[in-house]
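Undergrad:
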Amino acid sequence: MLLSKEQKHTIAEQQHTRTEQQVLDAMVLSKDQQHTIAEQQHTLSEQQHATKRSTEQQVMLDAELQLWNHTFGYVKSMALKAALDLGIPDAIHQHGGSATLPQIVTRVTLHPSKTSCLRRLMRVLTLTGVFGVQHHDGGNGDELVYRLTPASRLLVGGSSGQQNLSPFLTLMLGPLFVSSFLDLRGWFQHETPDPSPFKMTHGRDIWELAAHDAAGFGRLFNAGMVADSDFIMDVVVRECGAVFRGIRGSLVDVAGGLGGAGQTIARAFPHLECTVMDLPNVVAGAPADTTVKYVAGDMFESVPSADAVFLKWIMHDWGDADCVKILKNCKKAIPAEGGKVIILDIVVGAGSSSSDRNVETQCLFDLFIMFINGAERDEREWKKIIFEAGFRSYNIIPVLGIRSIIEVYP
Ligand SMILES: C[S@@+](CC[C@H](N)C(=O)[O-])C[C@H]1O[C@@H](n2cnc3c(N)ncnc32)[C@H](O)[C@@H]1O
-8 MLLSKEQKHT IAEQQHTRTE QQVLDAMVLS KDQQHTIAEQ QHTLSEQQHA
42 TKRSTEQQVM LDAELQLWNH TFGYVKSMAL KAALDLGIPD AIHQHGGSAT
92 LPQIVTRVTL HPSKTSCLRR LMRVLTLTGV FGVQHHDGGN GDELVYRLTP
142 ASRLLVGGSS GQQNLSPFLT LMLGPLFVSS FLDLRGWFQH ETPDPSPFKM
192 THGRDIWELA AHDAAGFGRL FNAGMVADSD FIMDVVVREC GAVFRGIRGS
242 LVDVAGGLGG AGQTIARAFP HLECTVMDLP NVVAGAPADT TVKYVAGDMF
292 ESVPSADAVF LKWIMHDWGD ADCVKILKNC KKAIPAEGGK VIILDIVVGA
342 GSSSSDRNVE TQCLFDLFIM FINGAERDER EWKKIIFEAG FRSYNIIPVL
392 GIRSIIEVYP
């Protein structure tokens, strides 16, 4: 059947009207249905609000957690100090590397009323990885057995080649250092550079105090440095042997303290004639039973001549101008051909660990060393002082954990 154009148009219009009507019919809802939909919409919007509120709330609670965790960071430090002071790592070590609380208590001096407090101390130290812990059914029910971890194995022993970092950490956690940080605001309000936070707090700079209280603070300081040297110089000798093997005949360890580093170098590279130079009060306490020669002096005046100068943990004690003075004196002490300066210090941003804590710890150390007006430097900052002192090239070897060796050439 053939339809005219008008007929087709009329039919199309009728179909469209029918469809619209069907939609409208479907939309006519009962009162109950309308109510249910309104209720559902209300609930949905409440849920959305609640989700938004709880996300905002969680962000705030997480922020509070972050501040609390940061604020109580010093409790971690003090827990480690307490463990060292009480001799807990040694107590576990003497027990074969793992011990229950009653077994630890037999080897540390502790009032019996404090045993439950010791459990709480150990809980923090296991949470932070200083010690490990596991449950053990020892017949008397479930017991906790504490064990040494790689970290606490560095806190025990000290003889027969065992490295013990306890004297170094005890120095770092001691009241003379910690109290220097209690009024940083006061220090920030003083003109740079003097006095340092240490001097503001104790009335003397660190080297003056070490000389003044040689038997107390001086001894503690030097022992801390020897402990650090015993640990890190072993790695230096193994990882950076080539740095020392090429030296012609002599090396001077400038500001080398009691010679922990100098002695390790002398043992590992017997072809080298090693000299340790430090302030007179330090050299006065030097050991006699060593092939290393000790010389008293002031590195700001001059440095003894040698084929190489070694500077371990010296530059970071000083501001840029003082570093340039020391480096210039080192340059005068070595031959222009074949001589070199070997620096062991932090290069911020470099290091052999991929852990996030590498740079964080380097920056913590930088803020820490500000307490004597020192600084940790990144490569750009090192380059500046090295070139300002007249040296022509340098080479960074980042193989010592958070620290590096920097070879500096005239
Ligand atoms: C951080 S300690 C490092 C000691 C040693 N290099 C080590 O790493 O074990 C700094 C050393 O610099 C020495 N020192 C400070 N001022 C000095 C100066 N003007 N001349 C020579 N040594 C100095 C101190 O006596 C101390 O032994």
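Letter by letter, the sequence shown follows residues -8 to 401 in our numbering.
Where is the CB? At the ideal position from N, CA and C, for every residue including glycine.
Just so we're clear, the structure is a prediction, and the values are computed from it rather than from any experiment.
1. So what does DSSP say about ALA287, is it helix, strand or coil?
2. With hydrogens ignored, establish whether the beta-carbon of ILE83 is closer than 8 Å to any heavy atom of ligand 1.
3. Can you give me the C-alpha to C-alpha distance between VAL96 and ASN60, rounded to a whole angstrom?
4. With burial defined as no fewer than 16 other Cβ atoms inside 10 Å of the residue's Cβ, what is the status of TYR285: buried or exposed?
5. Could you pull out every unbroken beta strand (DSSP E) segment of at least 3 residues lying fully inside the segment 71 to 156, listed in chain order?
6. Looking only at its chain, what residues have a beta carbon closer than 8 Å to the beta carbon of LYS67, apart from the 5 residues adjacent to it on each side?
7. Relative to the C-alpha of ILE376, which candidate in CYS321, SER36, ASP269 has its C-alpha closest?
8. Less than 9 Å between the C-beta atoms of GLU398 and ILE388, yes or no?
9. At a cut-off of 8 Å, would you count ASP225 as near ligand 1, judging by its Cβ distance to the nearest heavy atom?
10. What are the boundary residues of the alpha helix (DSSP H) that includes SER45?
11. For the 8 Å Cβ check, are there 3 or more pairs between the segment 294 to 305 and the segment 200 to 214?
12. Just to confirm, are LEU249 and MET216 a CB contact at a threshold of 9 Å?
13. Is DSSP giving PHE359 helix, strand or coil here?
14. Give every residue of the same chain whose Cβ lies closer than 6 Å to the Cβ of PHE189, excluding the five residues on either side of it in the sequence, and list them in chain order.
15. Quick check: LEU135 and MET113, are their CB atoms within less than 9 Å of each other?
16. Check whether the Cβ atoms of PHE356 and ILE396 sit closer than 9 Å, and answer yes or no.
17. With a threshold of 8 Å (Cβ to nearest heavy atom), would SER220 be considered close to ligand 1?
18. Is it buried or exposed for MET(-8), if we count other Cβ within 10 angstroms and need 16 for buried?
19. Following a CB-centred definition, is ASP133 positioned closer than 8 Å to any heavy atom of ligand 1?
20. Go through the residues and name those whose CB comes closer than 7 Å to any heavy atom of ligand 1, in chain order.
21. Run the CB neighbour count on VAL273, radius 10 Å, all protein chains shown included, and call it buried at 16 or more, exposed below.
22. On the three-state DSSP scale, how would you describe ILE337?
23. Is it the case that the CB of PHE382 approaches a heavy atom of ligand 2 more closely than 8 Å?
24. Starting from ASP221, trace the alpha helix (DSSP H) both ways and give me its first and last residue.
25. Between which two residues does the beta strand (DSSP E) containing ILE396 stretch?
26. If the criterion is Cβ atoms closer than 9 Å, does the pair SER89 and LEU139 meet it?
27. Let's see if you can read the secondary structure: which residues bound the beta strand (DSSP E) around THR266?
28. Whose CA, out of ARG348, GLU351, VAL332, ASP369, lies closest to the CA of SER384?
29. Is VAL338 closer than 9 Å to GLU370 when the C-beta atoms are compared?
30. Among the candidates GLY165, ARG239, THR255, whose CA atom is the shortest distance from the CA of LEU211?
31. By the three-class DSSP mapping on this structure, what secondary structure does SER241 have?
32. Consider the Cβ of ARG195: report whether some Cβ of chain B lies at a distance smaller than 9 Å.
33. Where DSSP assigns a beta bridge to VAL274, which residues make up the other side?
34. Leaving out the 5 sequence neighbours to the left and right, which residues in its chain are closer than 8 Å to ASP225 when beta-carbon positions are compared?
TA: According to the structure shown:
1. In the three-state DSSP reduction, ALA287 falls in the strand class (E or B).
2. No, the Cβ of ILE83 stays beyond 8 Å of every heavy atom of ligand 1.
3. Taking the straight line joining both Cα atoms gives about 29 Å.
4. So TYR285 ends up on the buried side.
5. Segments of the beta strand (DSSP E) lying fully in the segment 71 to 156: 89 to 91, 122 to 128, 133 to 139.
6. By the criterion of a C-beta distance shorter than 8 Å, LYS67 is surrounded in its chain by VAL115, THR119, once the five residues flanking it on both sides are discounted.
7. Taking the Cα of ILE376 as reference, the smallest distance to any Cα among CYS321, SER36, ASP269 is reached at CYS321.
8. Yes, these two residues count as a Cβ contact at 9 Å.
9. Checking the Cβ of ASP225 against ligand 1 gives no.
10. Following the DSSP letters along the chain, one finds SER45 inside the alpha helix (DSSP H) bounded by residues 22 to 62.
11. Segments in contact, no.
12. In this structure, MET216 lies closer than 9 Å to LEU249 by Cβ.
13. For PHE359, the three-state secondary structure derived from DSSP is helix.
14. Here the set comprises SER171, ILE197, PHE362, ILE363.
15. Going by C-beta atoms, LEU135 is nearer than 9 Å to MET113.
16. Cβ distance not < 9 Å, so PHE356 and ILE396 don't count as in contact.
17. Yes; taking the cut-off as 8 Å, the Cβ of SER220 has a heavy atom of ligand 1 nearer than that.
18. In this predicted model, MET(-8) has a pLDDT of only 48, less than 50, meaning its place in the structure is not dependable enough to derive any value.
19. No, the beta carbon of ASP133 sits no closer than 8 Å to any heavy atom of ligand 1.
20. Chain-ordered, the residues whose CB falls short of 7 Å from any heavy atom of ligand 1 come out as TRP198, ALA201, ASN213, MET216, VAL217, ASP219, SER220, ASP244, VAL245, ALA246, GLY247, GLY248, GLY251, ALA252, MET268, ASP269, LEU270, VAL273, GLY288, ASP289, MET290, PHE291, LYS303, TRP304, ILE305, ASP308.
21. Classification of VAL273: buried, given that the 10 Å Cβ count is 16 or more.
22. In this structure, ILE337 counts as strand in the three-state DSSP scheme.
23. Ligands present in the displayed structure are limited to ligand 1, and ligand 2 is not among them.
24. Unbroken alpha helix (DSSP H) run through ASP221: 210 to 230.
25. Start and end: 394 to 400.
26. The Cβ atoms of SER89 and LEU139 lie closer than 9 Å to each other.
27. For THR266, the enclosing beta strand (DSSP E) begins and ends at 264 to 269.
28. Taking only the C-alpha atoms, the option nearest SER384 is VAL332.
29. For GLU370 and VAL338, yes; Cβs fall inside 9 Å.
30. Out of GLY165, ARG239, THR255, GLY165 has the C-alpha closest to the C-alpha of LEU211.
31. Strand, per DSSP.
32. Note that chain B does not occur in the displayed structure, where there is just one protein chain.
33. None, per the DSSP bridge assignment.
34. Counting only residues of its own chain and dropping the five nearest sequence neighbours on each side, ASP225 has a CB closer than 8 Å to the CB of GLN154, THR255.
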